[in-house]
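To start, the structure under review is shown below, and the notes come after it.
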Amino acid sequence: MDLFIKLLPNLVNGTKITLFVFSVTLIISYPLSFLLTFLQSLKNKYLNFILKIYIAVERGTPLLLQLMFVYFGLPYFNITLDRMSAVIVAFVLNYTAYFIEINRGGIEAIDKGQFEACKVLGYSKIDTYKLIVIPQALKITLPSVSNEVLSLVKDTSLVYILGVTEVLKVGRTAVNYYATAIPFIYVGIIYLVITYVFARLLKQLEKRLTYYD
Amino acid sequence: MTDILVVNNLKKAYQSNVVLNDINVVVKDQEIVSLMGTSGIGKSTLLRCINKLETIDSGEISIKGIAITDKNYQEQIGLVFQNYNLFPHLSVLENLIQPLLIKKIDKETAIKKADELLAKLNILDKKLAYPNQLSGGQKQRVAICRACMLNPKLLCFDEPTSALDAASIEDVKKTIKELSNDMAILIVTHDENFARAVSTRIIKMQDANTLN
Chain A
39 MDLFIKLLPN LVNGTKITLF VFSVTLIISY PLSFLLTFLQ SLKNKYLNFI
89 LKIYIAVERG TPLLLQLMFV YFGLPYFNIT LDRMSAVIVA FVLNYTAYFI
139 EINRGGIEAI DKGQFEACKV LGYSKIDTYK LIVIPQALKI TLPSVSNEVL
189 SLVKDTSLVY ILGVTEVLKV GRTAVNYYAT AIPFIYVGII YLVITYVFAR
239 LLKQLEKRLT YYD
Chain B
17 MTDILVVNNL KKAYQSNVVL NDINVVVKDQ EIVSLMGTSG IGKSTLLRCI
67 NKLETIDSGE ISIKGIAITD KNYQEQIGLV FQNYNLFPHL SVLENLIQPL
117 LIKKIDKETA IKKADELLAK LNILDKKLAY PNQLSGGQKQ RVAICRACML
167 NPKLLCFDEP TSALDAASIE DVKKTIKELS NDMAILIVTH DENFARAVST
217 RIIKMQDANT LN
């Protein structure tokens, strides 16, 4: 208990960083993915080619490598970011790519008749997406999005590579300093609590969206 | 009676497969015209061309003199899909008013119009329900209301009886006859009994370029 009290301020600070990286990534990448999915639907071959390459790179390389590239590699191209900005850029780019693929699957699952109804009723392409397609795709993709959200919570631990002190790094430092594995248990409990809370929230959201099943 | 729908020399092909060749159709005001023919003959393609769901290769289509290329064309026409294609995440009322709201028509006017139509089709009590809470016949009535929200000059039906029981078929016959007082009606159907009972004229499609 003494150890827990000693570690508490650092664990709280580490958890704040974890939650910060998590929430900023989610708040930027999820809406951005819909914008890019919409652009993808315009079927511009140049734009789609660029998006294809982007998605292939983001999904085909480890997030850890992407983090290192953004922080250590971009300065070679005269782009220098501080640690936290590099973390956010790398995470947003990575998660947006995954969300685009999830959205695409969701949109493909929507009945073609919905698009035809929009056309006949005079909806513009943007209105079709904003008012009809995205609300339905949100529901279809929510289970996959939930998985990504929970992965994101755990992926935040990768930011240690850039020297950002999130909750796992606090635990590792404490393990080395106090020569005991107990801090790992505290860190594990913190991750469990965070993922449990988000899993519950997302489950509730899924339930709320059953109103038109 | 004035001409509402005029189709002149319409041609539509999918690669080398000519589906519609030199098709001419006229539907006059207050007419109920049924378009019949065997499966794959091209009647649904014709309906889709008229509703701008397919591009045409050549020919002209107009409604009350407004050409298919005119930006106001779409407002002249309503379509009731075979599967109704209601938006499942929107209530009946929202399904009806949203197409008007996106055209910047004020919400009060849109709701008033929706209430009138729902009352006329005897489904006002379902206005807050979602499509999944409605029977097939009720869904069709909502789809008819939605197609009529912008006061089209021509209302099209794609296989209106395919998913209905006998009682609902009687209802839709009555509804179509009532609606024909205000607009022209074009129906694509396989159901000859229905076509005979409801139509003022039946067009039989025999092949890609023959209409009788």
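For the protein sequence lines, the chains are A and B, in the order given.
Residue numbers for the first sequence follow my numbering, so the first one is 39 and each next one is one higher.
Residue numbers for the second sequence follow my numbering, so the first one is 17 and each next one is one higher.
Using N, Cα and C, we set each Cβ at its ideal position, and we do this for glycine too.
Keep in mind it's a predicted model, so treat the numbers as computed, not measured.
Going by CA-CA distance only, name the one from the options that's closest to residue i.
i, options, result
"residue 197 (chain A)", "A:160, A:108, A:243, A:83", "A:108"
"residue 120 (chain A)", "A:202, A:42, A:165, A:178", "A:202"
"residue 175 (chain B)", "B:206, B:24, B:89, B:39", "B:206"
"residue 75 (chain A)", "A:41, A:83, A:62, A:89", "A:89"
"residue 91 (chain B)", "B:166, B:182, B:204, B:189", "B:166"
"residue 48 (chain A)", "A:248, A:246, A:126, A:205", "A:205"
"residue 120 (chain B)", "A:165, A:151, A:130", "A:165"
"residue 213 (chain B)", "B:117, B:203, B:197", "B:203"
"residue 116 (chain B)", "B:81, B:164, B:137, B:201", "B:164"
"residue 99 (chain A)", "A:82, A:218, A:132", "A:132"
"residue 223 (chain A)", "A:117, A:170, A:208", "A:208"
"residue 161 (chain A)", "B:114, B:126, B:32, B:17", "B:114"
"residue 168 (chain A)", "B:85, B:199, B:118, B:84", "B:118"
"residue 250 (chain A)", "B:125, B:106, B:126, B:197", "B:106"
"residue 59 (chain B)", "B:172, B:199, B:126, B:17", "B:172"
"residue 58 (chain A)", "A:246, A:149, A:80, A:125", "A:125"
"residue 122 (chain A)", "A:114, A:116, A:115, A:110", "A:110"
Work out the CA separation of residue j and residue i for me, nearest whole Å.
i, j, result
"residue 153 (chain B)", "residue 162 (chain B)", "14 Å"
"residue 110 (chain B)", "residue 219 (chain B)", "36 Å"
"residue 184 (chain B)", "residue 34 (chain B)", "36 Å"
"residue 97 (chain A)", "residue 69 (chain B)", "36 Å"
"residue 139 (chain B)", "residue 177 (chain A)", "28 Å"
"residue 210 (chain A)", "residue 232 (chain A)", "19 Å"
"residue 175 (chain A)", "residue 145 (chain A)", "6 Å"
"residue 29 (chain B)", "residue 73 (chain A)", "35 Å"
"residue 51 (chain A)", "residue 184 (chain A)", "26 Å"
"residue 64 (chain A)", "residue 179 (chain A)", "15 Å"
"residue 67 (chain A)", "residue 87 (chain A)", "20 Å"
"residue 190 (chain B)", "residue 81 (chain B)", "29 Å"
"residue 218 (chain A)", "residue 242 (chain A)", "38 Å"
"residue 39 (chain A)", "residue 238 (chain A)", "29 Å"
"residue 55 (chain B)", "residue 85 (chain B)", "29 Å"
"residue 94 (chain A)", "residue 83 (chain A)", "16 Å"
"residue 83 (chain B)", "residue 181 (chain B)", "38 Å"
"residue 17 (chain B)", "residue 199 (chain B)", "11 Å"
Apart from the five residues just before and just after residue i, which ones in its own chain have a Cβ nearer than 7 Å to its Cβ?
i, result
"residue 60 (chain A)", "190, 191, 194"
"residue 182 (chain A)", "140"
"residue 150 (chain B)", "142, 158"
"residue 79 (chain B)", "20, 21, 89, 92, 93, 169, 170"
"residue 192 (chain B)", "48, 201, 214"
"residue 56 (chain A)", "194, 204, 205"
"residue 61 (chain B)", "28, 35, 36, 70"
"residue 236 (chain A)", "187, 188, 191"
"residue 137 (chain B)", "157, 160, 161, 191"
Determine the contact status of residue i and residue j, defining contact as a CB-CB distance below 8 Å.
i, j, result
"residue 112 (chain B)", "residue 135 (chain B)", "no"
"residue 77 (chain A)", "residue 70 (chain A)", "no"
"residue 98 (chain B)", "residue 178 (chain B)", "yes"
"residue 208 (chain B)", "residue 52 (chain B)", "yes"
"residue 95 (chain B)", "residue 127 (chain A)", "no"
"residue 93 (chain B)", "residue 168 (chain B)", "yes"
"residue 19 (chain B)", "residue 41 (chain B)", "no"
"residue 147 (chain A)", "residue 101 (chain B)", "no"
"residue 188 (chain B)", "residue 156 (chain B)", "yes"
"residue 108 (chain B)", "residue 144 (chain B)", "yes"
"residue 259 (chain A)", "residue 200 (chain A)", "The structure shown has nothing for residue 259 (chain A), since chain A only spans 39 to 251."
"residue 152 (chain A)", "residue 172 (chain A)", "no"
"residue 23 (chain B)", "residue 77 (chain B)", "yes"
"residue 41 (chain A)", "residue 216 (chain A)", "yes"
Give me, in chain order, the residues of the same chain whose beta-carbon lies closer than 6 Å to that of residue i; leave out the 5 immediate sequence neighbours on both sides.
i, result
"residue 104 (chain B)", "147"
"residue 212 (chain A)", "45, 221"
"residue 210 (chain B)", "177"
"residue 130 (chain A)", "63, 66, 67"
"residue 53 (chain A)", "205, 228"
Please list, in chain order, the chain C residues whose beta carbon lies closer than 9 Å to that of residue i.
i, result
"residue 174 (chain A)", "Here the protein chains are A and B, and chain C is not one of them."
Give every residue of the same chain whose Cβ lies closer than 8 Å to the Cβ of residue i, excluding the five residues on either side of it in the sequence, and list them in chain order.
i, result
"residue 142 (chain A)", "75, 78"
"residue 194 (chain B)", "136"
"residue 25 (chain B)", "38, 39, 40, 74, 75, 76"
"residue 127 (chain B)", "109, 113"
inquiry  = If contact is defined by three or more beta carbon pairs under 8 Å, each pair taking one atom from either stretch, is the stretch 226-241 of chain A in contact with the stretch 41-58 of chain B?
reply    = no
key: contact_flag[the stretch 132-140 of chain A, the stretch 61-71 of chain B] where n(CB pairs < 8 Å) is 3 or more   = no
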